[in-house]
Amino acid sequence: MGGLEVAGRYVDKALNRTTGDIRRVAEAMVGHAEAGVHQWLNVTLLAGAALVGLGVVVAMVGSLWKKS
Numbered sequence: 001m002g003g004l005e006v007a008g009r010y011v012d013k014a015l016n017r018t019t020g021d022i023r024r025v026a027e028a029m030v031g032h033a034e035a036g037v038h039q040w041l042n043v044t045l046l047a048g049a050a051l052v053g054l055g056v057v058v059a060m061v062g063s064l065w066k067k068s
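Residue numbers for the sequence shown follow full-length UniProt numbering, beginning at 1 and rising by one.
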């Protein structure tokens, strides 16, 4: 279970104690924050995959260059 899901429990408990407009505003803010965290997670995963791919290409070119 990831950190977002664990934190979600605490957020849900806090939201359950609120009512009315405050709850709606808080839910919107939490939803926006969660979407931002998911976006950053996707960006960092993509950047990591790109670095791995670049490392593989550099290793292949280096080994071919060494042979010649």
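Backbone N, C-alpha and C fix where the C-beta goes; we use that ideal spot for every residue, glycine too.
This structure is a prediction, so every number in the text was calculated from the model and none was measured.
query = For residue 17, does the three-state DSSP call read helix, strand or coil?
reply = coil
ask   = Within the present structure, is the beta-carbon of residue 23 separated from the nearest heavy atom of the ligand ADP by less than 7 Å?
value = As for the ligand ADP, it is missing from this structure, which has no ligand bound.
task = Could you tell me how far apart the beta carbons of residue 43 and residue 30 are, in whole angstroms, since I believe they sit closer than 8 Å?
result = Not confirmed; about 20 Å, so no contact.
task = Thinking residue 15 and residue 27 are a contact (beta carbons under 8 Å), I'd like their distance in whole angstroms, please.
result = 6 Å
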